[in-house]
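K.L.:
Structure in structure tokens, see below.
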Amino acid sequence: MNRKNFLSSIIPLAVSPIAFHNKTVSEFIKQIPSYLKKGDVIGITCPSGHITLEECQPAINKMKEWGFEIRVGNTVGLKDFTFAGADEERLKDLQQMLDDDSVKAVMMGRGGYGAVRIIDRIDFTRFEQKPKWIIGFSDATVLHVHINHNYGIATIHSKMCNSFPEDFAKAEPSQINSIDSIRQCLVGERMKYECTANELNRLGEGIGDLVGGNLSIIENLAGSVSNLSTEGKILFIEDVGEYLYRIDSMLWNLKRSKKLSKLKGLVVGQFRIKPDDPGEEFGKDLYEIVMEKVKEFHYPVCFNFPVGHVKENYALKYGVKHRLVVGEAGAILFDH
Amino acid sequence: MTIIPPYLKPGDKIGLVCPAGYMPVEKYQTCIETLYDWGFQVVVGKTPGHQFNYFSGTDKERLDDLQQMMDDPKIKAVLCARGGYGSGRIIDQLDFKKFIKHPKWIIGFSDITVLHSHLFSNYKIASLHAPMAAAFNDDEFKNQYVESLRDALTGKKANYKTETNELNQTGKAKGILVGGNLSLLANITGTPSDINTKNKILFIEDVGEYIYNVDRMMYQLKRSGRLDHLKALIVGSFSEMKDTAIPFGQTAEEAIKALVKEYGYPVCFGFPVGHKKENYTLKVGVKYQLNVSDTFVELKEL
């Protein structure tokens, strides 16, 4: 093979995947999508699990009450076993929402499983030029991490359509406040979250971009083009339905891949833990499991933060710079 | 080149340890007796029969026991009595200095996948993905799968023949064999124990997982490039699979098939490796030839 041919065959390889992997966050000009005004359109799409239109109705009503218009995507109500439609259908719906300039924010119908099956086929070209808010959590962590890592565009980690109470009059204040925090994020209010004092917290202060999400998803993205980068950041984690030993093993994955080494802070959200089977008691609780991984570091650690698969699950501006202050009297997180 | 630890001779000592979950004394007696019947001696470490909550000892105790067995020149192979969970908690504290100079066979599977992958990725030392102590119980110590461990330890080359499966992708391939438990392979991604699958024959198995999670882990392998450049894929047993309230709509095998059908390399399903009785000994890091034909599947050690 002559040199010219050699070069022409190797260049495309070198430009696409390799440069992609080596891109660091500092190379991005971080983008915050435009905040929403009255009359703006919020799209609803389901890249993961199935949900009915009826189940989305409380969210639709509430967001209309906030002054927004709603565009219901084709996947709402669609069902292909556990999924909200076949991969092609979910991909197409999300792609359309991303590309439609009249849609200013996209809320996921629910989590479940399925985003990772389509993420590599989503074309983010238009979205990168005209970013909009992507809203959701749990399986939507795939979207948050992928977008943050590859495009540096801020997103909103929050409850989705399936978490809006049918009757707000009967809902708990923490749930109502959690839902309202989505609106606050969307219209550009400065966010401030307060967390009661916890003797297990490690005191301190840190400033960094807020990243993280569902721990199982973070582990699942390791090694891929959606890999979470945590250096210089405040990391938050939450999970649901996992055994303590699994949480332990996932945190070992983070530790052994150096994702816990250079944090500015660690925010431990809500973990709805699957109880140990009889005779298989793990013998360490969540606090011990976390602290044994981070004891050698010095950044602040805040436990029991209201984010996760619970009613009190505040909207967080993902990828946006935050300041975490963990003090004797409690912890405060606010966008910086 | 892969470093092959010395094969065992009659009278050689095998160390028995538990680097992960607790194992009661009565559960590994038949294993010990069988190893003696095979002509070996057995040195039982401090962790078998020992318990600290879920584990067979504290991290320190499990680490020290495994370290001692690895370093003791009189021990010629180390059999992990069971898996469970816990090897990943101690692996980074193991000191491989002596072991590299005097490699020996590390035996086990499931959680022990961490050790297999770590040894081969970092030191190019072969190890045995093989039945552990419980597989010897209930009169099963005479079956061909347990016997395959004896053959592997004494240097007899394997030639496994097995039935065909309608999901198979036919073809022939030669390559170094790597792999193990899918959950563990996913869990070590990005860590110093990570698996390198390029130009390898990859084998995977799992137990007790949700089908959607098998699918998700397969996507992780795929998205991290671990399926792109295989010589072949061996899918072992995916036993005791669980499904969600709304069904996934595919078996674990069908989900795997959907993800690898685009590749041209041979793929075989239902290979006898995994958390069932049908669990042949495989040498991680050793070259094999796989022949997936229309009528049979053959995995031959080269």
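Chains F and B supply the protein sequences, listed in that same order.
The first sequence lines up with residues 1283 to 1618 when you count with the numbering used here.
The second sequence lines up with residues 941 to 1242 when you count with the numbering used here.
The beta-carbon is built from N, C-alpha and C at its ideal position, and this holds for glycine as well.
If you compare alpha carbons, which of F/T1327, F/H1580, F/L1318 and F/I1429 is closest to F/K1312?
P.N.:
Start at 1 with the first residue of the first sequence, and residue 1312 of chain F comes out as number 30. For the residues F/T1327, F/H1580, F/L1318 and F/I1429, the minimum Cα distance to F/K1312 belongs to F/I1429.
K.L.:
Just list the residues that DSSP pairs F/G1494 with in beta bridges.
P.N.:
On the first sequence, residue 1494 of chain F is found 212 positions in, with the first residue counted as 1. In DSSP, F/G1494 forms a bridge with F/F1518.
K.L.:
Using a Cβ-Cβ cut-off of 7 angstroms (strictly less than) and excluding sequence neighbours within five positions of F/I1571, which residues of its own chain qualify?
P.N.:
Here the question's residue 1571 of chain F lines up with position 289 in the first sequence. Once the five neighbours on either side are set aside, the close Cβ partners of F/I1571 are L1526, I1529, D1530 and L1533.
K.L.:
If you follow the alpha helix (DSSP H) that F/S1456 is in, where does it begin and where does it stop?
P.N.:
Taking the first sequence and counting its residues from 1, the one referred to as residue 1456 of chain F is at position 174. Unbroken alpha helix (DSSP H) run through F/S1456: P1455 to L1468.
K.L.:
Mapping the DSSP letters down to three states, classify B/D1011 as helix, strand or coil.
P.N.:
Counted from its first residue, the second sequence places residue 1011 of chain B at position 71. Correct three-state label for B/D1011: helix.
K.L.:
In chain B, which residues lie with their C-beta within 8 angstroms of the C-beta of F/G1565?
P.N.:
The count along the first sequence starts at 1 and reaches residue 1565 of chain F at position 283. Within 8 angstroms Cβ-Cβ: F992, N993, Y994 and F995.
K.L.:
Taking C-beta to C-beta, are B/S1123 and B/I1031 nearer than 8 angstroms?
P.N.:
Taking the first residue of the second sequence as position 1, residue 1123 of chain B is located at position 183. Taking the first residue of the second sequence as position 1, residue 1031 of chain B is located at position 91. No, the Cβ-Cβ distance between B/S1123 and B/I1031 is not below 8 angstroms.
K.L.:
Is the shortest distance between the beta-carbon of B/S1179 and the beta-carbons of chain F less than 8 angstroms?
P.N.:
On the second sequence, residue 1179 of chain B is found 239 positions in, with the first residue counted as 1. Taking Cβ atoms only, chain F never reaches closer than 8 angstroms to B/S1179, which makes this a no.
K.L.:
Which whole-angstrom value is the C-beta distance of B/M941 and B/A1021, which I expect to be below 8 angstroms?
P.N.:
The residue given as residue 941 of chain B occupies position 1 in the second sequence. The residue given as residue 1021 of chain B occupies position 81 in the second sequence. So it is not a contact: roughly 31 angstroms between Cβ atoms.
K.L.:
Between the region 1035 to 1043 of chain B and the region 1607 to 1618 of chain F, do three or more beta carbon pairs fall short of 8 angstroms?
P.N.:
Verdict: no, contact absent.
K.L.:
Select from the region 1161 to 1195 of chain B all residues with a C-beta closer than 7 angstroms to any C-beta belonging to chain F, and list them in chain order.
P.N.:
Within the region 1161 to 1195 of chain B, the residues whose Cβ lies closer than 7 angstroms to some Cβ of chain F are R1163, S1164, T1184, I1186, P1187, F1188 and G1189, listed in chain order.
K.L.:
State the Cα-Cα distance for the pair F/T1334 and F/I1352, rounded to the nearest angstrom.
P.N.:
Numbered from 1 along the first sequence, position 52 holds the residue referred to as residue 1334 of chain F. Numbered from 1 along the first sequence, position 70 holds the residue referred to as residue 1352 of chain F. So the alpha carbons of these two residues sit roughly 16 angstroms apart.
K.L.:
Check the DSSP bridge columns for B/I1128 and list the partner residues they point to.
P.N.:
Taking the first residue of the second sequence as 1, we reach residue 1128 of chain B at position 188. In DSSP, B/I1128 forms no bridge with anything.
K.L.:
With a cut-off of 8 angstroms, does the C-beta of F/A1504 fall near any C-beta of chain B?
P.N.:
Mapped onto the first sequence, residue 1504 of chain F falls at position 222. Interface residue, yes.
K.L.:
Using a threshold of 8 angstroms, state whether the C-beta atoms of B/K1000 and B/V1018 are closer than that.
P.N.:
Position 60 of the second sequence, counted from the first residue, corresponds to residue 1000 of chain B. Position 78 of the second sequence, counted from the first residue, corresponds to residue 1018 of chain B. Cβ atoms of B/K1000 and B/V1018: not closer than 8 angstroms.
K.L.:
Using only CA atoms, which one of F/Q1377, F/P1588, F/K1566 and F/V1583 lies nearest to F/Q1552?
P.N.:
Position 270 of the first sequence holds residue 1552 of chain F. Looking at the Cα atoms, F/P1588 is the closest of the given residues.
K.L.:
Going straight from the alpha carbon of F/I1404 to that of F/I1416, what length do you get?
P.N.:
Position 122 of the first sequence, counted from the first residue, corresponds to residue 1404 of chain F. Position 134 of the first sequence, counted from the first residue, corresponds to residue 1416 of chain F. Cα to Cα, the separation comes out at about 14 angstroms.
K.L.:
Give a yes or no on whether 8 angstroms exceeds the smallest Cβ distance from B/T1129 to chain F.
P.N.:
If you number the second sequence from 1, residue 1129 of chain B lands on position 189. It does; some Cβ of chain F falls within 8 angstroms.
K.L.:
Would you call F/H1303 buried or exposed, if buried means 16 or more other Cβ atoms sit within 10 Å of its Cβ?
P.N.:
Here residue 1303 of chain F is taken as the residue at index 21 of the first sequence, counted from 1. Low confidence applies to F/H1303: its pLDDT is 42, below 50, so where it sits in the model is not reliable, and the reading given next is rough at best. It is exposed - the Cβ of F/H1303 has fewer than 16 other Cβ atoms within 10 Å.
K.L.:
I need the straight-line Cα distance from F/S1330 to B/V1154, nearest angstrom please.
P.N.:
Against the first sequence, residue 1330 of chain F aligns to sequence position 48. Against the second sequence, residue 1154 of chain B aligns to sequence position 214. Roughly 16 angstroms between the two C-alpha positions.
K.L.:
Taking 8 angstroms as the CB-CB limit, is B/Y1205 close to chain C?
P.N.:
Structure shown: chain C not included; protein chains present are F and B.
K.L.:
Against chain B, with Cβ distances strictly below 8 angstroms, would F/E1562 count as a contact?
P.N.:
The sequence position of residue 1562 of chain F within the first sequence is 280, counting from 1. Yes, F/E1562 counts as interfacial toward chain B.
K.L.:
In this structure, does DSSP put B/I1031 in helix, strand or coil?
P.N.:
Taking the first residue of the second sequence as 1, we reach residue 1031 of chain B at position 91. Reduced to three states, the DSSP call for B/I1031 is helix.
K.L.:
Taking just the CA atoms, how far does B/T1131 sit from B/N1121?
P.N.:
The count along the second sequence starts at 1 and reaches residue 1121 of chain B at position 181. The count along the second sequence starts at 1 and reaches residue 1131 of chain B at position 191. Rounded to whole angstroms, B/N1121 to B/T1131 spans 16 angstroms at the Cα level.
K.L.:
Could you compute how far the alpha carbon of B/L1068 sits from the alpha carbon of B/L1117?
P.N.:
As a position in the second sequence, residue 1068 of chain B is number 128, starting the count at 1. As a position in the second sequence, residue 1117 of chain B is number 177, starting the count at 1. Cα to Cα, the separation comes out at about 11 angstroms.
K.L.:
Which chain B residues sit within Cβ distance under 7 angstroms of F/D1402?
P.N.:
Counting from 1 along the first sequence, the entry for residue 1402 of chain F is found at position 120. What F/D1402 touches in chain B: R1163.
K.L.:
Taking the straight line between their C-alpha atoms, what separation do you get for F/G1523 and F/K1556?
P.N.:
Within the first sequence, the letter at position 241 stands for residue 1523 of chain F. Within the first sequence, the letter at position 274 stands for residue 1556 of chain F. If I take the Cα positions, the gap works out to 5 angstroms.
K.L.:
In angstroms, rounded to a whole number, what distance separates the CA positions of F/N1343 and F/N1444?
P.N.:
Here residue 1343 of chain F refers to the residue found at position 61 of the first sequence. Here residue 1444 of chain F refers to the residue found at position 162 of the first sequence. Each residue's Cα considered, the two are about 13 angstroms apart.
K.L.:
Checking contacts by CB at 8 angstroms: is F/V1570 closer than that to chain B?
P.N.:
Along the first sequence, read from residue 1 onward, the residue named residue 1570 of chain F stands at position 288. Just to set this straight, residue 1570 of chain F is Glu in the shown sequence, not Val. Chain B contact via Cβ: absent.
K.L.:
Can you confirm whether B/D1146, when its beta carbon is compared against all beta carbons of chain F, has any partner nearer than 8 angstroms?
P.N.:
Residue mapping note: residue 1146 of chain B aligns to position 206 of the second sequence, counting from 1. False, the Cβ-Cβ gap to chain F never drops below 8 angstroms.
K.L.:
B/V1147 to B/E1180, Cα distance in whole Å?
P.N.:
For this step, residue 1147 of chain B is matched to residue 207 along the second sequence. For this step, residue 1180 of chain B is matched to residue 240 along the second sequence. Roughly 6 angstroms separates the two Cα atoms.
K.L.:
Report the neighbours of B/G1214 on chain F: residues whose CB is nearer than 8 angstroms to its CB, in chain order.
P.N.:
The residue you call residue 1214 of chain B lines up with position 274 of the second sequence. Neighbours of B/G1214 on chain F: none; closest Cβ ~19 angstroms, over 8 angstroms.
K.L.:
If I follow the unbroken alpha helix (DSSP H) through B/V948, where does it start and stop?
P.N.:
For this step, residue 948 of chain B is matched to residue 8 along the second sequence. Strictly speaking, residue 948 of chain B in this sequence is Leu, with Val absent from that position. Here B/L948 belongs to no alpha helix (DSSP H), and DSSP marks it neither H nor E.
K.L.:
How many angstroms separate the CA atom of F/R1399 from the CA atom of B/K1082?
P.N.:
Here residue 1399 of chain F refers to the residue found at position 117 of the first sequence. Here residue 1082 of chain B refers to the residue found at position 142 of the second sequence. Near 44 angstroms, if we compare the C-alpha coordinates of B/K1082 and F/R1399.
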